[in-house]
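Colleague: Taking this note's numbering, the leading residue of the sequence shown gets 6, the next gets one more, and so forth.
C-beta atoms are modelled at their ideal positions from N, C-alpha and C, and glycine is treated no differently.
The structure presented is a predicted model; accordingly, all values stated were derived computationally and were not measured.
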Amino acid sequence: MTRAALFTPMRIGRMIVPNRIAVSPMAQYSADRGCPTDWHFQHLGALAVSGPGLVFIESTSVEPQGYGCSACLAMHDDEQERALSQLVQRLRAVSPAMLGLQIGHSGRKASARLPLDGNGPLPLDEGGWQVFGPSAISCGGGWPVPQELDEAGIARVRDAFVATASRAARLDLNLLELHGAHGYLLHSFLSPVSNQRRDAYGGSPENRLRLVREIVVAVRAVWPEERALGIRLNAQDWVAGGLDLADTIGIAAALKEAGCDYVCVSAGAISSEAKIPFSAGYLAPYAAEIKRSAGISTIVTGGVHDPHQAEAIVATGQADGVAIARAFLDDPRWTWRAAQALGQSVDYPFQFMRAHPQRWPLAPPRAAEPVEETSRRRVLS
């Protein structure tokens, strides 16, 4: 059997991921005081058992002011660390997938309403909290003007990232990812649209990169060398005066030198005026150019849902791996479907073997694959 590229091992730093499929970090808006709940376990556990090489826990705030909304995950105190440790242990009990944690700060996009309450900003008089940014510039769309971080605030944020990374290092995780995209705090320091400071943290590209570089260097110092460290970056800003692909390549190259092992190439609005050209797999060409020009491993997200599309992205070297989100929500067994579509043999947990197409006479028509059974995964308890 010819092995599909999607099902070959992927090297990220010193880490070898068993295949090139990652479950993208997806906010569930179901945390309790920053702690994961039963919902998080069923969500991540259901996705992990079908064999993705890497499963990300959703973006986790490094300080109270950085929560996207009141029901977002966080890890800035001992209770939250214990709860996340328990979640990781439970996931380890049901799946051999490698586990990653994304950490971040929502910056001027913090203090949002829950999706069921309409999203948008949550005002202070309704229980919201002060939002911060590199400059006193709103992201538009009704969002408030953030308070500009002073030097003490910048130091506080930097220290918060390092403290959360130190907590993460105590957990049984394989990978740590900084959220530097989607208009959140780190991205807002990188982009000239949102960063119009006149000090050492604004102005030139080097100055706008300064905080993110400092965080990467400091996090790398506390994050074990054998575990991978990466950052999610926007491919570009898609707004006048914003970052373009050449800027992102320069940022990626600098952060590789600072200690990042990979870049996850993504897209998210830096302002309400951004016009992002969403389409299936639209970020793959950007990931290819970042990988080639910056010399760094890339994982790409953005409209990747078809197995043949994912295979083509990896097989042609546009990205080292694919991070899949909504397609996994639609079908938690996406990895199995991809294997069947590409004629590959994959492990099934023995508890699910009766659902294998070759052992299910009434199964929907799918590509045949040899049966492989594994007892590595224990019964859910």
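#1: Using DSSP bridges, identify the partner residues of histidine 3.
#2: The beta strand (DSSP E) with isoleucine 17 in it runs from where to where?
#3: Identify which residue in Glu231, Ile301, Ala293 and Asp242 has its Cα closest to the Cα of serine 276.
#4: Using C-beta distances below 7 Å, list every residue in its chain close to glycine 255, excluding the 5 sequence neighbours before and after it, in chain order.
#5: Considering only DSSP beta bridges, list what cysteine 269 is partnered with.
#6: For threonine 253, which of Glu230, Glu294, Arg232 and Glu231 has the nearest alpha-carbon?
#7: Beta-carbon separation of glycine 322 and valine 305 under 9 Å?
#8: Let me confirm a value: glutamate 182 is counted as buried when at least 16 other C-beta atoms fall within 10 Å, else exposed. Which label applies?
#9: Evaluate contact between the region 142-149 and the region 69-82, counting only Cβ atoms and requiring at least three cross-stretch pairs below 8 Å.
#10: From what residue to what residue does the alpha helix (DSSP H) around glutamate 231 run?
#11: What did DSSP end up calling isoleucine 62 once you bin it into helix, strand or coil?
#12: Is the Cβ-Cβ distance between serine 29 and alanine 328 less than 9 Å?
#13: Which first and last residues belong to the alpha helix (DSSP H) in which glutamate 278 is found?
#14: Starting from leucine 180 and walking both ways along the beta strand (DSSP E), at which residues does that stretch end?
#15: Find out if the Cβ-Cβ distance for the pair alanine 226, valine 167 is shorter than 9 Å.
#16: Candidates Val224, Thr169 and Ala115: which alpha carbon is nearest glutamate 84's?
#17: Straight-line CA distance for alanine 160 to glycine 105?
#18: In the region 149-212, which residue ranges form an unbroken alpha helix (DSSP H) of at least 4 residues, counting only runs that do not cross its ends?
#19: With the cut-off set at 9 Å, would you say alanine 173 and isoleucine 108 are in Cβ contact?
#20: What is the residue span of the beta strand (DSSP E) that alanine 292 lies within?
#21: With a cut-off of 8 Å, do at least 3 Cβ pairs link the region 233-241 to the region 259-274?
#22: Entirely within the region 61-145 and at least 3 residues each: give me those beta strand (DSSP E) ranges in chain order.
#23: Contact defined as beta carbons within less than 8 Å: I believe alanine 272 pairs with leucine 288. What is the distance between those atoms, to the nearest angstrom?
#24: Rounded to the nearest angstrom, what separates tryptophan 341 and proline 312 at their Cα positions?
#25: Taking isoleucine 62 as the reference, which of Asp37, His192, Ser75 and Leu89 has the closest Cα?
#26: Would you list the residues sitting across from valine 244 in a DSSP beta bridge?
#27: Quick one: does the C-beta of tryptophan 365 sit closer than 8 Å to a heavy atom of the ligand PLP?
#28: Can you name, in chain order, every residue of its own chain whose Cβ lies under 7 Å from the Cβ of valine 198, other than the five neighbours on each side?
#29: Compare the Cα-Cα distances from lysine 261 to each of Lys296, Lys280 and Gln314 and report the closest residue.
#30: So, is alanine 9 buried or exposed, given that buried needs 16 or more other C-beta atoms within 10 angstroms?
Modeller: Judging by the given coordinates:
#1: This structure cannot settle anything about residue 3, because the visible part of the chain is limited to 6 through 386.
#2: Mapped onto the sequence shown, residue 17 falls at position 12. Where isoleucine 17 is concerned, the enclosing beta strand (DSSP E) stretches over 15-17.
#3: Along the sequence shown, one-based indexing puts residue 276 at 271. Residue Asp242 is the option with its Cα nearest to serine 276.
#4: Numbered from 1 along the sequence shown, position 250 holds the residue referred to as residue 255. Result list for glycine 255: Pro210, in chain order.
#5: Position 264 of the sequence shown, counted from the start, is the residue given in the question as residue 269. The partner list for cysteine 269 (beta bridge, DSSP) reads Arg237 and Ile304.
#6: Along the sequence shown, one-based indexing puts residue 253 at 248. Answer by Cα proximity: Glu294.
#7: Along the sequence shown, read from residue 1 onward, the residue named residue 322 stands at position 317. Along the sequence shown, read from residue 1 onward, the residue named residue 305 stands at position 300. Going by C-beta atoms, glycine 322 is not nearer than 9 Å to valine 305.
#8: Taking the sequence shown and counting its residues from 1, one reaches residue 182 at position 177. With 16 or more other Cβ atoms within 10 Å, it is buried.
#9: no
#10: Counting from one through the sequence shown, the residue named residue 231 turns up at place 226. No alpha helix (DSSP H) holds glutamate 231; DSSP gives it neither H nor E.
#11: As a first step, residue 62 is located in the sequence shown; it is residue number 57 there, counting from the start. Three-state DSSP puts isoleucine 62 in a strand.
#12: Taking the sequence shown and counting its residues from 1, the one referred to as residue 29 is at position 24. Taking the sequence shown and counting its residues from 1, the one referred to as residue 328 is at position 323. Contact flag set, yes.
#13: Here residue 278 refers to the residue found at position 273 of the sequence shown. Where glutamate 278 is concerned, there is no enclosing alpha helix (DSSP H), given that its DSSP letter is neither H nor E.
#14: For this step, residue 180 is matched to residue 175 along the sequence shown. Start and end: 180-185.
#15: Taking the sequence shown and counting its residues from 1, the one referred to as residue 226 is at position 221. Taking the sequence shown and counting its residues from 1, the one referred to as residue 167 is at position 162. Yes, these two residues count as a Cβ contact at 9 Å.
#16: Looking up residue 84 in the sequence shown gives position 79. Out of Val224, Thr169 and Ala115, Thr169 has the C-alpha closest to the C-alpha of glutamate 84.
#17: In the sequence shown, the residue the question calls residue 160 occupies position 155. In the sequence shown, the residue the question calls residue 105 occupies position 100. Distance between the alpha carbons of alanine 160 and glycine 105 is about 26 Å.
#18: 156-174 and 190-195
#19: For the purposes of this step, residue 173 is taken as the residue at position 168 of the sequence shown. For the purposes of this step, residue 108 is taken as the residue at position 103 of the sequence shown. Cβ atoms of alanine 173 and isoleucine 108: closer than 9 Å.
#20: Taking the sequence shown and counting its residues from 1, the one referred to as residue 292 is at position 287. Annotation for alanine 292: no beta strand (DSSP E) segment contains it, though the alpha helix (DSSP H) segment containing it runs 289-299.
#21: yes
#22: 103-109
#23: Here residue 272 is taken as the residue at index 267 of the sequence shown, counted from 1. Here residue 288 is taken as the residue at index 283 of the sequence shown, counted from 1. Alanine 272 to leucine 288, Cβ: 6 Å. Contact.
#24: Within the sequence shown, numbered from 1, the residue matching residue 341 stands at position 336. Within the sequence shown, numbered from 1, the residue matching residue 312 stands at position 307. Computed Cα separation, rounded: 10 Å.
#25: For the purposes of this step, residue 62 is identified with residue 57 of the sequence shown, where counting begins at 1. The residue with the shortest Cα to Cα distance from isoleucine 62 is Leu89.
#26: Here residue 244 refers to the residue found at position 239 of the sequence shown. Answer is none; valine 244 lacks a bridge partner.
#27: The ligand content of the structure shown is nil, which means the ligand PLP is not present either.
#28: Working through the sequence shown from its first residue, we reach residue 198 at position 193. Setting aside the 5 residues that flank it on each side, valine 198 is surrounded in the same chain by Asp242, Val244, Gly246, Gly247, Ile275 and Ser276, each with a C-beta closer than 7 Å to its C-beta; the list follows chain order.
#29: Against the sequence shown, residue 261 aligns to sequence position 256. That would be Lys296, whose Cα lies nearest to the Cα of lysine 261.
#30: By one-based count along the sequence shown, residue 9 stands at place 4. The residue in question, alanine 9, is buried, as its Cβ has 16 or more Cβ neighbours within 10 Å.
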